[in-house]
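Note that the protein sequences, when read in sequence, are chains Y and E.
Take the first sequence: its letter number 201 is residue 201 in UniProt numbering, and every next letter is one higher.
Take the second sequence: its letter number 129 is residue 129 in UniProt numbering, and every next letter is one higher.
Cβ atoms here follow ideal geometry from the backbone N, Cα and C, with glycine treated the same way.
Bear in mind that the values here come from a model prediction, so they are computed numbers and not experimental data.
What follows is a short report on a single structure.
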Amino acid sequence: MDYDFNFAAVWRDFDLLLSGLGLGLFLAVVSIAIGCLIGLLAAFGMLSRHSPVRWVSTAYVSAIRNTPILVLILFTYFALPQFGLRLGKIESFIVTLAIYSGAYLTEVFRSGLVALPTGLREAGLTIGLTEFRTKILITIPVMFRNVLPALGNNFISLFKDTSLAAAIAVPELTFYARKINVETFRVIETWLVASLMYVLACSIIAALLRQVEARLAIPR
Amino acid sequence: MTAPVLEIRNLHKRFGQVEVLKGIDLTMQMGDVVSLIGSSGSGKTTLLRCVNLLEDYEEGMVAVAGEQIGYTERNGRRVRLREREIARQRAMTGMAFQHFNLFPHMSAIRNVMLGLVKTRKMAKDEAYATAESWLERVGMADRKDHYPGQLSGGQQQRVAIARAIAMNPQLMLFDEVTSALDPELVSEVLAVIKGLVADGMTMLLVTHEMQFAHDVSNKVVFMQDGRIGEEGPPDQLFYNPKSERLAAFLKSSKF
């Protein structure tokens, strides 16, 4: 192949790509934070004594996990306004991604909770803690540390999913890459740079997460 | 006259269709040390767990220091107390478990401090000092910053006992606290309990250590099929069992 690489066009708009990357990270962080809350509630819901609560939690998880995320994104952004719920692009995307990650995190947290020895809860109760405080002080922190690797993997795949926000014109990395591509026709250079930026960002996140895991690990 | 530390009357407990406690009566005064012995499935651990309501009970009553645990009468009907009340009542007793159940994400001293700070509302530095002195008492002061995963079974159990007694309970419950330990670690835990007996602590123990039960108890209760099969002073039960069942049990326990 005889091709003259020319990255000048890409470099000219590199700050756009960078800001897009930053927005993607922001979207992933906010979404997983909300997703963790949803996932925690739904995980306890799945383990509830009350069958309607179990049923609702299970329905949520299977409905979301069995729908392609792109469809969810388009549904929230284009269909919900028809029902009178109008959200901005970014808000709409965050809502979608939080609900989406919440469904996957439900399974992560549920298995984490099931794996805990029952004696942990009982020990909390015997020193006079209520069920709620036992969860807050003991079972959730221990479970959280145990599932940290799975949580990290979820975060990285969630970060990559932010590229789908381009579909509703959220100005993140993929959106700008497409813009540069269209304006300059430097197809190879544009997507090469964009891909490398994703790879680099994910590697750095993974390394940071390993640090966090090591620091929070339960000493043995 | 003050109320007995523990009063159990006509206690019944069912797991579904199976009745595991079929009418238990037991009274303990301050300073009493009572051992529950019997084969597995006889209901001794369940009985212990009804005292702090880790198990609900269907009939009869359990009272600690004159206060009925877990339930009250309202308009002639038996109602379960509110969560907060039950939590307060649970802290009247302390419990040590077969599998220690230390909080794995906290150091030894933080394990002991948690209940002092959260339940007893102690200031942090006071809780630290109290926890430290109890760890000292069980011979674990030099390991106070170790995490449970870094301690042997016997050490974990001693920390777990410190965690329970630091709360200053009126009654200590011991649930087979040496059963999960390697044989050479059993004695260090039994020594701690003996020390507490010498201090006059009131305690109810489920144990398979017959010699130990004989040495520390002022009363031994032999559980049999959810009932009290035989009870009395240790010498009488161990050397002069009335029933065939108890004699056979003692023989199989190599006493």
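Check                                                                                                                        : Outcome
Local conformation of SER62(Y) per DSSP, three classes                                                                       : helix
Proximity of ALA191(E) and VAL112(E) at Cβ, strictly below 8 Å                                                               : no
Closer than 8 Å to chain Y by CB, THR178(E)                                                                                  : no
Limits of the alpha helix (DSSP H) - the one that VAL199(Y) falls within                                                     : 187 to 216
THR130(Y): contacting residues in chain E (beta-carbon distance under 9 Å)                                                   : GLU83, ARG84, ILE86 and ALA87
Anticipated Cβ contact below 8 Å, TYR71(E) with ARG77(E), distance rounded                                                   : Wrong, their Cβ atoms sit about 10 Å apart, outside the cutoff.
Residue 222(Y) burial status per 10 Å Cβ neighbour count (16 or more: buried)                                                : Here chain Y covers residues 1 to 220 and nothing more, so residue 222(Y) does not appear.
ASN10(E) in three-state terms, based on DSSP                                                                                 : strand
Listed by chain order, chain Y residues near THR130(E) by CB distance under 8 Å                                              : In chain order: nothing, as chain Y lies at least about 13 Å away.
Among THR174(Y), ILE156(Y) and GLU213(Y), nearest to ALA194(Y) - alpha-carbon criterion                                      : THR174(Y)
Cβ shell of ALA165(Y) (< 6 Å), same chain only, five flanking positions each side left out                                   : PHE93 and GLU172
Contact with chain Y by LEU114(E), beta-carbon distance below 8 Å                                                            : yes
Coil, strand or helix - SER40(E) by DSSP                                                                                     : coil
Residues, ordered as in the chain, of the region 25 to 55 of chain E that lie near chain Y by beta-carbon distance below 8 Å : ASN52 and LEU54
Cα-Cα separation between ARG220(Y) and SER152(E), rounded to whole angstroms                                                 : 11 Å
Beta-carbon proximity list for VAL147(Y), same chain, < 6 Å, skipping 5 on both sides                                        : VAL108 and GLY112
Chain Y residues whose Cβ lies nearer than 8 Å to that of GLY149(E)                                                          : ILE218, PRO219 and ARG220
Whole-angstrom C-beta distance between THR96(Y) and SER57(Y), which should lie under 8 Å                                     : In fact, because the Cβ distance is near 19 Å, the residues do not count as touching under 8 Å.
Those runs of the alpha helix (DSSP H) which lie wholly inside the region 76 to 100 of chain E and span at least 4 residues  : 83 to 90
Beta carbon of GLY115(E) nearer than 8 Å to that of MET167(E)                                                                : yes
Residue-level contact to chain E via CB, ARG145(Y), 8 Å cutoff                                                               : yes
Integer Cβ distance of ARG158(E) from GLU188(E), believed to fall under 8 Å                                                  : 7 Å
Residues of its chain near GLU231(E), where Cβ-Cβ distance is below 6 Å and the 5 sequence neighbours each way are ignored   : VAL221
Proximal residues, the region 105 to 122 of chain Y versus chain E, C-beta separation under 8 Å                              : PRO117, GLY119, LEU120 and GLU122
C-beta neighbour in chain E for ARG186(Y), strict 8 Å                                                                        : no
One or two residues paired with LYS63(E) in a DSSP bridge                                                                    : Note on residue identity: the sequence assigns Ala, not Lys, to residue 63(E). Answer is GLU7(E) and GLN68(E).
Of the residues ALA207(Y), THR184(Y) and THR162(Y), the one placed nearest ALA28(Y), counting alpha carbons only             : THR162(Y)
Exposed unless 16 or more other CB atoms sit within 10 angstroms - verdict on ASN6(Y)                                        : exposed
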